[in-house]
Structure formats: structure tokens, C-alpha cells
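K.L.:
Let me give you the structure first, and then I'll get to my questions.
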Amino acid sequence: MSIVIIWFRRDLRLNDNVALFHAMADGREVLPVFIFDTEILQKLQSRSDARVEFISQALNALNERLKRRGSSLLIKHGSPEKVWQELIQSYQIGTVYANHDYEPYALKRDEKVGKLLASHDIPFHTFKDQVIFEKEEITKENGTPYTVFTPYSHKWKSRLAEASVKMLPEHNKGNWCQQNACIPSLEEIGFRQGGVKFPASAVQEDILTRYAEQRDFPALHGTSQLGIHLRFGTISIRQLLLKAAQFSPSFVNELIWRDFYQMILWHYPHVISSAFKPAYDRILWINNEADFERWKAGETGYPLVDAGMRQLAATGWMHNRVRMVVASFLTKHLLIDWRWGETWFAEKLLDFELASNNGGWQWAAGCGCDAAPYFRVFNPQLQQEKFDPKHEYILKWIPEYGLPGYPKPMVNHEMARARAISVYRNTLNRPV
DNA sequence: TGAAATGTTGGGGCG
DNA sequence: ACGCCCCAACATTTC
């Protein structure tokens, strides 16, 4: 008698999980599998990467719930193709169920695994789960993709009205494989505990209710902090959308941005290594390494920039308003290539999401789709006065703020602004 | 999901 | 009552 496998990847939950729902509906015994992908883990800079720790915790939580059903997660460590070769040898696999994963690496991985499974006549069924609408569901009338957010969001909302998004019920015919597998510790897969505190996965209605008024003030707890849970699927996007639709139209907009950037990355994968607008690849960045180090360390002398960079280093998270300010500062004031900043965020952010991070950086640098115009330069001092007028956020992250030890601004704002505008303008006006 | 420069308007002081 | 200046407040344009 064959079994079916639910392959967990970035959907680490039992509730409202589309692939899992279909696996449970299959009728055969369901074996839950997770693979620690060595091809991804090898590339991580630190052996105490908090994201690996988060996954480890999420797997343990998942396993506790499975134990109550007499089952447990089967966790493998290796390259996915090799692991699947082993699984095919060890089990009589009827079908494999998984949710769509849209990043370029994941697409290649799933293509290879799909071919391997097909060569053993094992169907590989995959489903939409981590977005509300996939790339082909929101297009212009002629079928081409949107590259501007506002019309995209209008179409998205009209589709939503037709679609009636619902959460899936738990499948009561479920038939888990009864087993008691061991979960490897962090150390067993080559990592250490870092002791990071992760935000809760609960959707807080009071946060959503006040989101529009409070979201821009970094001293407040005004944002959801759910990015990491969306990244690893410890919360369902449908569950979050239903709450957002009920309590906060502006938060719904943020979820639309998420689908938008996923769609952009799919249609225009060149954005991973170059500007969405090719002309911006000709900008002659200054790329001063010492300046970059000061930005990373939070020692630019601009308090809001420094507070944000220190918050990122200390917690793996930065308030969204401040992300825009530090990104504008790096690209415009220091004229450092946006990809340097993107890479630093990718290394440090717990909620790092390739599509959103890339989209956000290209937006700030002015080179992306529907980007800020190049002459839109944030004034870090004014941003501070508007969004942290009482220096609450700044003092939290810069204890020496106002004292002699705090550095003077590393560049003069008026000079840097004029310089950025002129470098951009000269680049864009120069014939190719 | 800007900021700065420039333009316009209107009230008040004053001769 | 009137013209003139100043300047804040707001609006528009420009980068």
C-alpha cells in the first residue's frame, strides 16, 4: 500500500495549508516531510543564523501538533534531489503534495525534483498557497503584466471581490502516518542557538485597527511584525487577509504590495541582478567601502539612519519607515549601489523575502518599477522630525545621542542631495 | 511611500 | 481710505 507525502517548505503550519488539505483528502496515509536544504544552508554567513533557528522552532511546534495525531515530521538534511532519491528508495510513494514556491532557486529545485518523481511515475501536485493571486491572475486586459502598482491594486481588489477568499477547514478524513521520528537539533545540522526573540504569530486586531495612523512612527508598536511568519508560512496569508479586510484597508494594501513584487520577480527575473529600468545600471556609484561600513554600523551621524541600522543589527528587524530612510541615504546621500544595501538586508533581516526586499531597494534607488523618481531624496533630519519628534526611537537605539561621542554627519545633506540629483540626471541624459 | 524652490494670497503695520 | 511692505500660510512647480 503506497503512502503520500506532504513536503513542507515555506508553509510550516497545519491550518489552512492548501497542499496539506489535498494530501489529507487523498485517502492514503500522509507522511509529513521537511528537508534542511544544504545548498541554501551552506550559503549562510553565520552559524547562528536566526532564520534557521526560527525554522527549527517552527518545526518543533509543528511536530508537537503532529504527535497529538500519533505522527511526527520526517526531517532530512541534504540536497533536495539526493534526499528525494533516498525517499523514493525507502517508501512506496503514491503522490507528493507541495505548495508553489516562486523564487528562481525554488523553481529550479522543484523542476528537478518533479522530473525525478516523474521518472518513477510519482505525480507531484503543487498548489497556490503563499499568495492571494498568482502572476497570471492579475494582468492587464491584453494579458501583459502590470508594472505600476496602483492599476495593479485596482485589478487585484476587483478580483478579490469576485474570488471570495476563504480559509480551508481541517480535513477530518486525515490519515497521518503513525510514526515517531526524531527531530534533529540545531547543532546536528551545524548551527548554534542565537537566543533571538521572535515576534508572535497572532494577528493583533488592535494593531490592524490603528495601522493607518501608527504605522509610520518607529517608536510605536504600530506594524504587524508578521513578515517572518509570512516568510516561513507559520501564518496563512488568507487568514491574515480576512482580518486585514475587516480591520484595515491600508494593511490590505501592504499585502497587495507583497503579491505585486512576487509577480514582478516572476515576470522580470533580471531584477535580481540588475535594475528594472536598464538605464539606471549606468549610474556611476561612488561605492566607498569605508562609507558602507559606517552605514552598516549605524555611525553616519544621522540619528534616524543610525537608529535603524542599529535596530537591524541588534534584532534582525527594522521599522518600515526607517527602511526607506536608510535605503534612500545609502543610495542617494552616499551614492552606493543599491545591491550592496540589498545584500546587507538579506543577511540581517529575519523577515527577508527576496521579492519584497529587491522591490523595496529598487524603489528607493529609483531604478525599479513604479519607483520613486530619482529626484525624490529623503531628508533624514526632516523624516526624524516628522516621525520621531520626541527622539524616543532614536534614544532607544543610540544611547549616546546628543553626547560628544556621537559622530557628526558624515556628509552634508544639501551637498549630497544636489550631488545625487546631478549624478542621476547626468546618467539618464547621457546617450548610451 | 519627498523636499526645496518658487509663486500666490491675504492680513496687519505703517506712513 | 489707500498704497506699500512684510511675512506667514498655503499652493504650485521643480528637482
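The number in our numbering is simply the position in the first sequence, starting from 1, with 259 added. We treat Cβ as the ideally placed atom computed from N, Cα and C, and that holds for glycine. These figures come from a predicted structure and were not determined experimentally.
1) Could you say which of GLN301, PRO404, CYS441 and GLU558 lies nearest to LYS326 if we only look at CA atoms?
2) Please report the distance separating the alpha-carbon of VAL530 from that of PHE408.
3) Rounded to whole angstroms, how far is the Cβ of PHE313 from the Cβ of PHE604, which I believe are closer than 8 angstroms?
4) Going by C-alpha distance, which of GLN643, SER331, PHE293 and GLN351 is nearest PRO339?
5) Any idea if SER331 is buried or exposed, counting beta-carbon neighbours within 10 angstroms, 16 or more meaning buried?
6) Would the stretch 517-524 and the stretch 605-619 be scored as touching if the rule is three or more Cβ pairs under 8 angstroms?
7) Looking only at C-alpha atoms, which of ALA566, GLN348 and ALA573 sits nearest to ASP647?
8) In whole angstroms, what is the alpha-carbon distance linking PHE392 and GLY557?
9) According to DSSP, which residues form a beta bridge with TRP435?
10) Is the distance from the Cβ of ALA572 to the Cβ of LYS591 below 9 angstroms?
11) Give me the residue from LEU501, HIS430 and LYS399 with the minimum Cα distance to ALA420.
12) Hey, is the stretch 633-648 in contact with the stretch 465-479, meaning 3+ C-beta pairs nearer than 8 angstroms?
13) Report the residue from LEU563, PRO404 and SER507 whose alpha carbon sits nearest the alpha carbon of TYR527.
14) Tell me the start and end of each unbroken beta strand (DSSP E) in the stretch 566-621 that is at least 3 residues and wholly inside, in chain order.
15) Let me check one thing: in DSSP terms, what residues is THR354 bridge-paired to?
16) Assuming ILE299 is part of the alpha helix (DSSP H), what are its boundary residues?
17) Between the Cα of ILE545 and the Cα atoms of GLN498, TRP599 and GLN570, which residue gives the shortest distance?
18) Should SER349 be labelled buried (16 or more other beta-carbon atoms within 10 Å of its own) or exposed?
19) Can you round the beta-carbon distance between GLY337 and THR297 to whole angstroms, since I take them to be within the 8 angstroms contact cut?
20) Assuming ARG287 and ILE262 make a contact with CB atoms under 8 angstroms, what is their CB distance in whole Å?
21) Keeping to the same chain, check which residues put their C-beta closer than 8 angstroms to that of ARG469; ignore five residues upstream and five downstream.
22) At which residues does the beta strand (DSSP E) containing HIS526 begin and terminate?
23) With HIS216 as the anchor, note down where its beta strand (DSSP E) starts and where it stops.
24) Can you tell me the Cα-Cα spacing of ASN358 and LEU376, whole angstroms?
25) For the structure I just gave you, are there three or more beta carbon pairs, one from the stretch 666-674 and one from the stretch 498-517, closer than 8 angstroms?
26) Using a 10 Å radius around the Cβ and a threshold of 16 neighbouring Cβ atoms, would you call HIS384 buried or exposed?
27) What's the call for GLN621, buried or exposed, on a 16-neighbour Cβ count within 10 Å?
28) Using the C-alpha atoms, what's the distance from GLN304 back to GLY575?
29) Mapping DSSP to helix, strand and coil, what is LEU479?
30) Tell me which residue opens and which closes the alpha helix (DSSP H) that ILE680 is part of.
31) For ASN688 and GLY627, I'd like the C-alpha separation in whole angstroms.
32) Quick check on GLY486: does DSSP put it in helix, strand or coil?
33) How far does the alpha helix (DSSP H) with ILE314 in it reach, from first residue to last?
34) With a cut-off of 8 angstroms on the beta carbons, I'd call SER307 and GLY453 a contact; round off their distance for me.
35) How big is the Cα-Cα spacing for ASN431 and ARG272?
P.N.:
Let me spell this out:
1) To locate residue 326, count along the first sequence from 1; it is residue 67. Comparing Cα-Cα distances from LYS326 to each of GLN301, PRO404, CYS441 and GLU558, the minimum goes to CYS441.
2) In the first sequence, the residue the question calls residue 530 occupies position 271. In the first sequence, the residue the question calls residue 408 occupies position 149. Straight-line Cα distance between these residues: approximately 16 angstroms.
3) The residue labelled residue 313 in the question sits at position 54 within the first sequence. The residue labelled residue 604 in the question sits at position 345 within the first sequence. Incorrect: roughly 17 angstroms between the Cβ atoms, too far for contact.
4) In the first sequence, residue 339 corresponds to position 80, counting from 1. Selected option, being the one with the closest Cα: PHE293.
5) Your numbering for residue 331 matches position 72 in the first sequence. Classification of SER331: buried, given that the 10 Å Cβ count is 16 or more.
6) yes
7) As a first step, residue 647 is located in the first sequence; it is residue number 388 there, counting from the start. Out of ALA566, GLN348 and ALA573, ALA566 has the C-alpha closest to the C-alpha of ASP647.
8) Start at 1 with the first residue of the first sequence, and residue 392 comes out as number 133. Start at 1 with the first residue of the first sequence, and residue 557 comes out as number 298. Roughly 38 angstroms between the two C-alpha positions.
9) As a first step, residue 435 is located in the first sequence; it is residue number 176 there, counting from the start. Its beta-bridge partners are VAL289.
10) As a first step, residue 572 is located in the first sequence; it is residue number 313 there, counting from the start. As a first step, residue 591 is located in the first sequence; it is residue number 332 there, counting from the start. Their beta carbons are not under 9 angstroms apart, which means ALA572 does not touch LYS591 by this criterion.
11) Walking along the first sequence from the start, residue 420 turns up at place 161. Nearest C-alpha to ALA420: LEU501.
12) The answer is yes - the stretch 465-479 touches the stretch 633-648, with three or more Cβ pairs under 8 angstroms.
13) Here residue 527 refers to the residue found at position 268 of the first sequence. Of LEU563, PRO404 and SER507, the residue nearest in Cα terms is PRO404.
14) With a minimum length of 3 residues, no continuous beta strand (DSSP E) run stays inside the stretch 566-621.
15) In the first sequence, counting from the first residue as 1, residue 354 sits at position 95. VAL263.
16) Position 40 of the first sequence, counting from 1, holds the residue named residue 299. Run containing ILE299: 297-300, per the alpha helix (DSSP H) assignment.
17) On the first sequence, position 286 is the one that residue 545 refers to. Nearest C-alpha to ILE545: TRP599.
18) For this step, residue 349 is matched to residue 90 along the first sequence. Exposed.
19) For the purposes of this step, residue 337 is identified with residue 78 of the first sequence, where counting begins at 1. For the purposes of this step, residue 297 is identified with residue 38 of the first sequence, where counting begins at 1. With 8 angstroms as the limit, GLY337 and THR297 qualify as a contact, their Cβ atoms being about 6 angstroms apart.
20) For the purposes of this step, residue 287 is identified with residue 28 of the first sequence, where counting begins at 1. For the purposes of this step, residue 262 is identified with residue 3 of the first sequence, where counting begins at 1. Rounded to whole angstroms, the Cβ separation of ARG287 and ILE262 is 6 angstroms, and the two are in contact under 8 angstroms.
21) Position 210 of the first sequence holds residue 469. The answer, listed in chain order, is GLY481.
22) Sequence index remark: in the first sequence, residue 526 carries index 267 (1-based). First-last for HIS526: 508-526, but that is the alpha helix (DSSP H), not the beta strand (DSSP E).
23) Look at the range of the chain in this structure, 260 to 691, and you will see that residue 216 is not part of it.
24) Counting from one through the first sequence, the residue named residue 358 turns up at place 99. Counting from one through the first sequence, the residue named residue 376 turns up at place 117. Spanning the two alpha carbons is a distance of roughly 16 angstroms.
25) The stretch 666-674 makes no contact with the stretch 498-517; the number of CB pairs closer than 8 angstroms stays below 3.
26) Here residue 384 refers to the residue found at position 125 of the first sequence. Around the beta-carbon of HIS384, fewer than 16 other beta-carbon atoms lie within 10 Å, marking it exposed.
27) For the purposes of this step, residue 621 is taken as the residue at position 362 of the first sequence. Residue burial is scored here from C-beta neighbours: GLN621 has at least 16 other C-beta atoms within 10 angstroms and is therefore classed as buried.
28) Looking up residue 575 in the first sequence gives position 316. Looking up residue 304 in the first sequence gives position 45. Those two C-alpha atoms are separated by around 14 angstroms.
29) The count along the first sequence starts at 1 and reaches residue 479 at position 220. Of the three classes helix, strand and coil, the one that applies to LEU479 here is coil, per DSSP.
30) Counting from 1 along the first sequence, the entry for residue 680 is found at position 421. Here the alpha helix (DSSP H) through ILE680 covers 672-688.
31) As a working note, residue 688 is residue 429 in the first sequence. As a working note, residue 627 is residue 368 in the first sequence. When rounded, the distance between both Cα atoms is 18 angstroms.
32) On the first sequence, residue 486 is found 227 positions in, with the first residue counted as 1. Helix, per DSSP.
33) Working through the first sequence from its first residue, we reach residue 314 at position 55. First-last of the alpha helix (DSSP H) with ILE314: 309-326.
34) By one-based count along the first sequence, residue 307 stands at place 48. By one-based count along the first sequence, residue 453 stands at place 194. That pair is a contact at about 4 angstroms.
35) Along the first sequence, read from residue 1 onward, the residue named residue 431 stands at position 172. Along the first sequence, read from residue 1 onward, the residue named residue 272 stands at position 13. About 16 angstroms.
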